[in-house]
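Data first, discussion second: the structure below is written as structure tokens.
In UniProt numbering, the protein residues as written are 1 to 177.
This is the structure:
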């Protein structure tokens with residue numbers, strides 16, 4: 001019996017010493033439960049099964065912090081909670097450092113083509129271009145006064161092509177056909 005009381009007191013002392021509250025209010029509940037010599041303190045997660053232990057044993061549910069026992073012929077009985085009242089909320093901690101930038105994501109699919117836009121207004125007329133080459137024709141060789149530099153001449157009767165005209169004149173035919 002003395003061993004059970006020592007075990008229960010040691011267990012309660014251990015649990016209360018690990019609390020991290022700024023201010024502690026200790027509430028003690030003392031109840032003497034007779035137990036036969038050789039009783040054992042059992043632990044597990046969840047309620048004890050009826051077949052576990054023998055009469056006089058104690059059981060601590062580590063999940064709920066509940067104490068069962070001493071076990072009687074009727075079973076484990078109702079547990080006693082070993083938890084204290086909830087403490088006050090602590091102060092907020094400091095914000096942590098920003099994390100590293102993540103990797104760029106993959107490119108998305110191309111979007112659908114948009115609708116055709118309205119036609120724009122016509123632009124202004126451009127300036128007249130430079131005079132292009134002119135093709136002159138006749139039935140004799142070209143007269144030196146005819147045409148300008150860059151022009152061509154076809155002599156249809158003699159089947160000659162002259163050109164292009166240079167600053168020195170028409171020159172000799174370039175093609176005979």
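We put the CB at the ideal spot given by N, CA and C, even for glycine. Every value quoted in this text rests on a predicted model; they were computed, and no experiment measured them.
Beta carbon of residue i nearer than 8 Å to that of residue j
i, j, result
"residue 74", "residue 56", "no"
"residue 62", "residue 43", "yes"
"residue 76", "residue 87", "no"
Cutoff 8 Å; reference residue i; Cβ partners in own chain excluding five residues on either side
i, result
"residue 156", "137, 138 and 139"
DSSP-derived helix/strand/coil call for residue i
i, result
"residue 7", "helix"
"residue 63", "coil"
"residue 177", "coil"
"residue 152", "strand"
"residue 138", "strand"
"residue 81", "strand"
"residue 147", "coil"
"residue 169", "strand"
"residue 52", "coil"
Euclidean distance between Cα positions of residue i and residue j
i, j, result
"residue 148", "residue 122", "35 Å"
"residue 145", "residue 126", "32 Å"
"residue 94", "residue 59", "41 Å"
"residue 119", "residue 128", "25 Å"
"residue 100", "residue 110", "29 Å"
"residue 48", "residue 78", "11 Å"
"residue 153", "residue 124", "36 Å"
"residue 132", "residue 172", "22 Å"
"residue 64", "residue 97", "36 Å"
For residue i, the nearest candidate out of the options (CA to CA)
i, options, result
"residue 165", "114, 60, 135 and 51", "135"
"residue 170", "102, 150 and 176", "150"
"residue 84", "96, 100 and 66", "66"
"residue 53", "41, 45, 46 and 64", "41"
"residue 168", "143, 159, 177 and 158", "143"
Contact set for residue i: own chain, Cβ-Cβ below 7 Å, skip 5 residues either direction
i, result
"residue 72", "55"
"residue 174", "161, 162 and 163"
"residue 141", "155"
Neighbourhood of residue i by C-beta, 6 Å cutoff - its chain only, sequence neighbours within 5 removed
i, result
"residue 80", "67"
"residue 7", "41"
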